[in-house]
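In our numbering, the protein residues as written are 9 to 111. Quick reminder that beta carbons are idealized off the backbone N, C-alpha and C, glycines included. Below is one structure, written out as structure tokens; comments come after it.
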């Protein structure tokens, strides 16, 4: 058989036939990506909330310790002033008695 006697039908090729499927696939991938990103951000938000809670707790503990330290420092200062005054009075009395005894 000769080719010229054969009826050749060209292959039908429509380059736009797959566009719909490609778009659907792309849309599904994009939607999945958005969903995964939203889930990731939700987890990040939970972690940030825990970190903020821990930071607030640390700040409150620091404030409490600072107040206690200031109160203790004030108490130590008052005790030191009291002891130094008592020591000064004792020394003054001792020198006064020693001075009176030597007369």
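Secondary structure at residue 77: helix, using DSSP grouped into helix, strand and coil. Secondary structure at residue 92: helix, using DSSP grouped into helix, strand and coil. Within the same chain, no Cβ atom closer than 6 Å to the Cβ of residue 65 is found once the five residues on either side in sequence are excluded.
DSSP, reduced to helix, strand and coil, places residue 46 within a helical segment of the structure shown.
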